[in-house]
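Heads up, the thing below is written out as structure tokens.
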Amino acid sequence: MKNTEIPYKIYLEENEMPECWYNVRADMKNKPAPLLNPGTHEPMKAEELAGVFCDELIQQELDNSTPYFRIPNDIRAFYKMYRPSPLVRAYCLEEKLGTPAHIYYKFEGNNTSGSHKLNSAIAQAYYAKKQGLKGVTTETGAGQWGTALSMACAYLGLDCKVYMVKVSYEQKPFRREVMRTYGASVVPSPSETTNIGRKILAEHPGTTGSLGCAISEAVEVATSTPGYRYVLGSVLNQVLLHQSVIGLETKAALDKYGIKADMIIGCAGGGSNLGGLVAPFMGQKLRGEADYDIVAVEPASCPSFTRGKYAYDFCDTGMVCPLAKMYTLGSDFIPAPNHAGGLRYHGMSPVLSQLYDDGLMRAVSVPQTEVFEAAELFARVEGILPAPESSHAIKVAIDEAMKCRESGEAKNIVFGLTGTGYFDLVAYQQFNDGTMSDYIPTDADIERSLSMLPKM
Ligand SMILES: *Cc1c(COP(=O)(O)O)cnc(C)c1O
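Counting from 1 along the sequence shown, just add 396 to a position and that's the residue number in our numbering.
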């Protein structure tokens, strides 16, 4: 098929949007390890999780065998406000790079949260509402998840309490204001409003916070306030399930034009966009129907896959959450504060961790100045100002396209463009001023935090 036969943007019709989410766990031979009770080290039962999470989401979390979950009509109606999202053929980028590769990106930045996070936020808020709850609590780092959840809660009339990592709260006042515009209350974490927050502040005065700490606070408030549950924007199995809408649409768009992807690339923080993007392709791979080169891209400053350990660990600093088996740098690991973007979580989705451990995908880590170089090149030719997180995928897509220029191969490279970077202009400013650094943790840094993994 000649290039010109493929439109710049492949849009699906509304009625081509998936009717079900796909649960890749159903096709995994080695299932992801179960969440464990941090006290007894026994697998968490639904009853034990019921104080923390919404009931229907717990069913989704624990279900390793049902391949398809019907997307409720109310959620599909909400999706229609910003989905199907376009799959874009990056003709201008290809030309700029002089590569024979065909580059496609799935653009998830076309909603006010500026990211893919809304796909799961609306689902989680929907099940909370259906259960008759008053509200939900959560944490946010970069702010996209908090924004997405605020939007979903405003739509459904739920209260939303967001614990925002203090450094972001201070650096991104506009993010905070968007959340408040959608009616959420936003508290900088660690805060004086929780036991764990007060404890952390006493032990580390002046700390700028971390995701792990904000999670502990949000969980504490959810479990101690009647009518509230806690929701999380990444890492969990249920989140990957909801995000499969990205991959299902991508596959439908490629199939529509008879395009077979060779490589699928995504940035990986907690693994939700990558897990969603690759889900149906990984399913084919697991069932032996097709093969793909699947690549996770992580920041060199927070390299869970490439330098972490596959082990049970705490999901939060306060050690109140269940233990998850995942590639982790240790729940005590605090990534360099100068790193821009929301890929700063110490762990990784248990689903992706198992797939990676089984050799079904690979991972690379990239330093942040190279990421911003790629981001600016992309912005100049493709028009979109990418989120720093998404730019990790851009960086590796460009590297792979350049390899194709050497080898003359016309590979089909697909990557996830998870969002836009309008709230990340302080990071862009640092890059433009030449003051951005590339802090990479030493082996000793990582060994130190790994030495504090729970003893199993
Ligand atoms: C949160 C976020 C990510 C990283 O989270 P994952 O769960 O790994 O997908 C990537 N890109 C954007 C724009 C985000 O907001």
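For each residue, glycine too, the CB sits at the ideal point set by N, CA and C.
Any non-hydrogen atom of ligand 1 closer than 7 angstroms to residue i Cβ
| i | result |
| --- | --- |
| Ser640 | no |
| Thr814 | yes |
| Cys880 | Because the chain spans 397 through 852 in this model, residue 880 falls outside it and cannot be assessed. |
| Gly738 | yes |
| Ser630 | yes |
| Gly608 | no |
| Leu545 | no |
| Trp417 | no |
| Ser456 | It is worth fixing the name first, because residue 456 is Gln in this sequence and not Ser. No; taking the cut-off as 7 angstroms, the Cβ of Gln456 has no heavy atom of ligand 1 nearer than that. |
| Leu670 | yes |
| Gln540 | yes |
| Lys513 | yes |
| Ser786 | yes |
| Gly667 | yes |
| Ala783 | yes |
Cut-off 7 angstroms between Cβ atoms - residues of its own chain near residue i, not counting five sequence neighbours on either side
| i | result |
| --- | --- |
| Lys476 | Glu410 |
| Ala742 | Just to set this straight, residue 742 is His in the shown sequence, not Ala. Cβ within range, chain order: Gly608, Ser700, Thr724, Leu725, Gly726, Ser727, Phe729. |
| Gln680 | Ala686 |
| Gln540 | Ser509, Gly510, Ser511, Lys513, Gly738, Gly815 |
| Leu489 | Ile499, Phe774, Val777, Glu778 |
| Gly671 | Leu636, Gln639, Ser745, Val747, Leu748 |
Distance CB(residue i)-CB(residue j) smaller than 8 angstroms
| i | j | result |
| --- | --- | --- |
| Arg856 | Val532 | Since the first and last residues shown for the chain are 397 and 852, residue 856 lies out of range. |
| Ser509 | Met547 | yes |
| Ala759 | Glu694 | yes |
| Glu778 | Asn633 | no |
| Arg479 | Glu415 | no |
| Asp820 | Ala783 | yes |
| Asn433 | Pro622 | no |
| Phe774 | Ile790 | yes |
| Ala657 | Leu408 | no |
| Met440 | Leu431 | yes |
| Ala429 | Lys721 | yes |
| Met678 | Leu751 | yes |
| Gly662 | Ser630 | no |
| Leu813 | Tyr501 | yes |
| Leu797 | Ile809 | Leu is not the amino acid found at residue 797; the sequence shown has Ala there. Contact flag set, yes. |
| Leu529 | Cys450 | yes |
| Tyr578 | Arg572 | no |
| Asp651 | Pro850 | no |
| Ser612 | Ile592 | yes |
| Pro463 | Asn419 | yes |
| Ile596 | Pro482 | no |
| Gly817 | Tyr824 | yes |
| Ala598 | Leu554 | no |
| Ala771 | Ser787 | yes |
Nonlocal neighbours in the same chain, by C-beta distance under 6 angstroms from residue i, ignoring five residues either side
| i | result |
| --- | --- |
| Ile402 | Arg485, Tyr653 |
| Ile690 | Ile660, Val674, Met757 |
| Cys800 | Thr495, Pro496, Ala497, Lys807 |
| Arg472 | none |
| Ala610 | Glu535, Tyr559, Val561, Ser585 |
| Glu723 | Checking the displayed sequence, the identity of residue 723 turns out to be Tyr instead of Glu. Once the five neighbours on either side are set aside, the close Cβ partners of Tyr723 are Ser700, Phe701, Gly704, Tyr706, Met744, Ser749. |
| Ala517 | Ala544, Leu545, Ala548 |
| Pro763 | Ala696, Asp834 |
| Lys425 | none |
| Ala614 | Thr533, Thr534, Glu535, Tyr559, Tyr626 |
| Asn399 | Low confidence applies here, because Asn399 scores a pLDDT of 49, under 50, leaving its location unreliable; read the following figure in that light. Within the same chain, Asn399 has no close Cβ partners at all. |
| Arg844 | none |
| Met397 | With a pLDDT of 44 at Met397, under the threshold of 50, the predicted position of this residue should be treated as unreliable, and no value is reported. |
| Gln455 | none |
| Ala580 | Ser546, Cys556, Val558 |
| Leu445 | Ile454 |
| Asp753 | Tyr706 |
| Phe474 | Ile518 |
| Gly714 | Ile592, Ser612 |
8 angstroms Cβ cutoff, residue i in contact with chain D
| i | result |
| --- | --- |
| Ile660 | Any reference to chain D falls outside this structure, which holds one protein chain only. |
Beta-carbon contacts of residue i that lie in its chain and below 8 angstroms, excluding the five residues immediately before and after
| i | result |
| --- | --- |
| Gly804 | Pro496 |
| Lys427 | Arg421, Asn460, Gln750 |
| Tyr523 | Cys450, Asp451, Glu452, Leu453 |
Query raised in the report: Can you list the beta strand (DSSP E) stretches of 3 or more residues lying completely in the region 742 to 782, in chain order?
Result: Counting only runs that start and end inside the region 742 to 782, the beta strand (DSSP E) elements of at least 3 residues fall at 758 to 762.
Query raised in the report: Unbroken beta strand (DSSP E) runs of length 3 or more, entirely within the region 553 to 619: which are they?
Result: Entirely contained in the region 553 to 619, the beta strand (DSSP E) runs reaching 3 residues are, in chain order, 555 to 561, 581 to 585.
Query - contact_flag[the region 637 to 644, the region 611 to 619] where n(CB pairs < 8 angstroms) is 3 or more - result: Contact between the region 637 to 644 and the region 611 to 619 is absent, because fewer than three Cβ pairs lie under 8 angstroms.
Requested in this report: Could you tell me which uninterrupted beta strand (DSSP E) segments, each at least 3 residues in length, are contained entirely in the region 695 to 732, listed from first to last along the chain?
Outcome: Entirely contained in the region 695 to 732, the beta strand (DSSP E) runs reaching 3 residues are, in chain order, 705 to 710, 719 to 724.
Query raised in the report: In chain order, which continuous runs of the alpha helix (DSSP H) of length 4 or greater are located wholly inside the region 457 to 524?
Result: 469 to 475, 487 to 493, all fully within the region 457 to 524.
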